[in-house]
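The structure under discussion appears below in the form of structure tokens.
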Amino acid sequence: MAKSKERKALKKGKSTFNLIGRVKITDKTFNLDNTYDSGWTDNSMYIGIDCGKGNIVYAEMRSGFFPDKDNIIRAYDKTEKDETGKSKSVEIAWEDRFDKSLLDNISDSSFLIVGVEKDVKGKTLYKKFLAAYDAIEYLSEYLENGVIVNVKGNIGYSEYDENVSIKKEITSIVLSKVEDEYEKIHEKEIKKAEEDSSSDFEFTELEDFFKAVFSQTVLVDTKSIGKKDEEKGTIPLSAYVVDYVGKPKIDGKKIEIKKNVVYPIEFEVAINENPEVTAKMLQRFFKPKKKSCLNEITVVGNLIEGAAIVNITEDDIPDDIKELIVMGLYSEEEAEKKCAVGNGNREKRMIIVKPDITYVGQDEERKPTVAFEENKYEDFDLYFYEQALTDAGIDSDESDTEENSETSEEDDLLKMIEGM
């Protein structure tokens with residue numbers, strides 16, 4: 343009898359984001375000491391970061407504990423290694439999460455980093471938290487609306503009712519230094535403008551230093567590249583991302599899966615000023631040479647999560663706003679920009695700009711390379727969330743999936759905030 347083919351194990355790659363912009367706090371940003379029927383108690387934060395030009399990107403923190411149960415926080419030891427050479431996993435009791443004698447041995451990667459206060463000398467005060475529960479409580483007291491912050495974190499994927507959700511989970515939120523950078527450049531520009539007063543000089547704006555970017559490892563096949571979207575000026579890309587599924591709640595019961603699965607995600611590819619550059623990039627990295635194979639590539643790009651921006655002409659400007667133009671209160675260009683943003687429809691886009699660069703090797707052998715592997719997987723290796731449910735004895739067509747008892751309320755809150 344012929345031996346059945348074995349599916350290749352999926353490996354999760356990079357999945358991170360970085361936001362720089364102004365904090366947008368509302369009365370819905372912090373939700374403290376939520377208690378659920380199960381006894382679970384948590385803190386949550388859904389924070390909007392205004393990254394400029396109508397692009398307000400939301401990220402989150404959330405964690406909690408069961409008051410009447412033993413709660414464990416999993417972390418990594420910074421000195422001991424396991425049999426694979428990676429930092430050894432350790433468990434810390436919830437009540438010991440502030441025990442300095444234990445925390446001194448924990449790897450920095452296990453902590454959430456918060457820096458939103460300054461000392462008397464104007465230097466940022468950094469604090470480390472093992473649990474988001476405590477970080478959120480601290481931020482609710484010290485994070486100020488309108489300050490410019492640098493936010494970093496991980497992008498997570500999950501599936502509910504055949505819809506894939508994308509969450510940006512914060513691991514670091516600190517005061518940004520872009521204002522200092524802006525002041526240095528602005529001073530130089532003022533001096534240059536004074537020296538050359540005969541020409542119109544365009545000054546750099548503070549928002550030019552803001553950003554909303556991501557880095558994501560994706561899998562692409564021969565059908566991934568779509569046709570150019572003329573309206574958006576981008577190329578659709580149907581790709582897969584790999585993420586870990588632990589113990590989702592199905593029909594009120596937790597089901598153990600504990601496997602990496604793939605999720606289908608729609609990206610867009612930005613078209614370079616020289617379209618030939620984009621064509622070469624797609625041909626080289628995003629188009630597998632074998633029909634049954636998938637390339638793995640880590641990409642960098644921009645997150646767009648603001649009010650939908652539409653093309654506005656003079657005919658689209660309302661009459662009352664035209665009156666303001668006639669009065670000289672707004673230029674036509676200013677009015678068009680105002681009308682183009684904030685039409686009530688929010689969009690969520692992940693626009694790929696280029697491949698990421700990583701480093702391989704150690705010490706003197708360490709060198710940069712494109713984060714790309716050709717023919718990494720075959721079609722057969724793709725393992726979807728629905729398949730994982732089936733293998734766990736769940737009929738995915740009839741199941742009602744929940745991550746936790748608190749998840750549905752979390753999603754409702756996020757939708758409400760984003761609809762504001």
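With positions in the sequence shown counted from 1, the corresponding number in the numbering used here is that position plus 342. The beta-carbon is built from N, C-alpha and C at its ideal position, and this holds for glycine as well. All values derive from a computational prediction rather than experimental measurement.
Select from the options the residue whose C-alpha is nearest the C-alpha of residue i.
{"i": "E433", "options": "K465, K460, P409 and A473", "result": "A473"}
{"i": "V695", "options": "F627, K633, F408 and V611", "result": "V611"}
{"i": "D384", "options": "K690, G396, D476 and D419", "result": "D476"}
{"i": "F627", "options": "S443, E716 and Y524", "result": "E716"}
{"i": "F552", "options": "K709, K533 and V399", "result": "V399"}
{"i": "T559", "options": "K718, V365 and P590", "result": "K718"}
{"i": "E598", "options": "G735, K533 and D503", "result": "G735"}
{"i": "D522", "options": "G464, D737 and Y484", "result": "G464"}
{"i": "K501", "options": "Y727, Y468, E529 and T732", "result": "Correcting the residue type first, residue 501 is Glu in the shown sequence and not Lys. Looking at the Cα atoms, Y727 is the closest of the given residues."}
{"i": "E633", "options": "A621, K347, E676 and V562", "result": "Contrary to the premise, residue 633 reads as Lys rather than Glu in this sequence. Of A621, K347, E676 and V562, the residue nearest in Cα terms is V562."}
{"i": "K370", "options": "I389, L636 and A677", "result": "I389"}
{"i": "Y480", "options": "D424, C393 and L374", "result": "L374"}
{"i": "W382", "options": "P409, G363, I362 and L361", "result": "P409"}
{"i": "I693", "options": "A730, N644 and V712", "result": "N644"}
{"i": "D737", "options": "K631, Y499 and D503", "result": "D503"}
{"i": "V603", "options": "Y725, T640, V668 and S443", "result": "Y725"}
{"i": "S308", "options": "D424, S431 and K596", "result": "The chain is shown from 343 up to 762; residue 308 falls before or after that span and cannot be answered."}
{"i": "K601", "options": "L445, S357, A730 and K442", "result": "A730"}
Checking 8 angstroms against the spacing of the C-beta atoms, do residue i and residue j come in under that value?
{"i": "S580", "j": "S557", "result": "no"}
{"i": "G355", "j": "E720", "result": "no"}
{"i": "S482", "j": "F372", "result": "yes"}
{"i": "M387", "j": "I497", "result": "no"}
{"i": "E402", "j": "I512", "result": "yes"}
{"i": "I367", "j": "N487", "result": "yes"}
{"i": "E549", "j": "K395", "result": "yes"}
{"i": "K629", "j": "T564", "result": "yes"}
{"i": "V516", "j": "I455", "result": "yes"}
{"i": "C393", "j": "A554", "result": "yes"}
{"i": "S518", "j": "I362", "result": "yes"}
To the nearest angstrom, how far is it from the Cα of residue i to the Cα of residue j?
{"i": "Q625", "j": "Y605", "result": "23 angstroms"}
{"i": "K569", "j": "S507", "result": "25 angstroms"}
{"i": "C681", "j": "G575", "result": "20 angstroms"}
{"i": "T700", "j": "F359", "result": "16 angstroms"}
{"i": "N685", "j": "I391", "result": "Low confidence applies to N685: its pLDDT is 48, below 50, so where it sits in the model is not reliable, and the reading given next is rough at best. Going by the C-alpha atoms only, they are around 19 angstroms apart."}
{"i": "E608", "j": "V583", "result": "10 angstroms"}
{"i": "I577", "j": "I613", "result": "7 angstroms"}
{"i": "K353", "j": "K411", "result": "33 angstroms"}
{"i": "D662", "j": "Y672", "result": "12 angstroms"}
{"i": "I527", "j": "V520", "result": "11 angstroms"}
{"i": "E308", "j": "S449", "result": "No information on residue 308 is available, as it lies outside the stretch 343 to 762 that the chain covers here."}
{"i": "A535", "j": "T546", "result": "12 angstroms"}
{"i": "E665", "j": "I659", "result": "10 angstroms"}
{"i": "D723", "j": "G495", "result": "28 angstroms"}
{"i": "T377", "j": "G594", "result": "17 angstroms"}
{"i": "F453", "j": "F471", "result": "5 angstroms"}
{"i": "R439", "j": "K591", "result": "27 angstroms"}
{"i": "S429", "j": "P617", "result": "44 angstroms"}
{"i": "E752", "j": "K509", "result": "Per-residue confidence for E752 stands at a pLDDT of 43, beneath the threshold of 50, marking its modelled position as unreliable; no derived number is given."}
{"i": "N413", "j": "S405", "result": "12 angstroms"}
{"i": "V458", "j": "D379", "result": "34 angstroms"}
{"i": "K350", "j": "Q704", "result": "27 angstroms"}
{"i": "N435", "j": "T426", "result": "Here residue 435 turns out to be Ala, not Asn, going by the sequence shown. If you take the alpha carbons of A435 and T426, they lie about 25 angstroms apart."}
{"i": "A417", "j": "G648", "result": "35 angstroms"}
{"i": "D538", "j": "E525", "result": "20 angstroms"}
{"i": "Y484", "j": "A713", "result": "39 angstroms"}
{"i": "E689", "j": "E706", "result": "45 angstroms"}
{"i": "C635", "j": "V702", "result": "24 angstroms"}
The beta strand (DSSP E) with residue i in it runs from where to where?
{"i": "T732", "result": "Note, T732: premise wrong, no beta strand (DSSP E); alpha helix (DSSP H) at Y727 to D733."}
{"i": "S449", "result": "Unbroken run through S449: none, as it is neither H nor E."}
{"i": "P606", "result": "K601 to A612"}
{"i": "T620", "result": "Where T620 is concerned, there is no enclosing beta strand (DSSP E), although the alpha helix (DSSP H) it sits in stretches over P617 to F627."}
Tell me, to the nearest whole angstrom, how far the beta carbon of residue i is from that of residue j; I am working on the premise that it is less than 8 angstroms.
{"i": "D698", "j": "V642", "result": "5 angstroms"}
{"i": "R708", "j": "I646", "result": "R708 to I646, Cβ: 35 angstroms. No contact."}
{"i": "K469", "j": "N447", "result": "The pair is not a contact, with the Cβ atoms about 18 angstroms apart (cut-off 8 angstroms)."}
With residue i as the anchor, note down where its alpha helix (DSSP H) starts and where it stops.
{"i": "D392", "result": "Unbroken run through D392 is the beta strand (DSSP E), T383 to D392; no alpha helix (DSSP H)."}
{"i": "E715", "result": "Counting along the chain, E715 falls outside any alpha helix (DSSP H), though it belongs to the beta strand (DSSP E) covering F714 to E720."}
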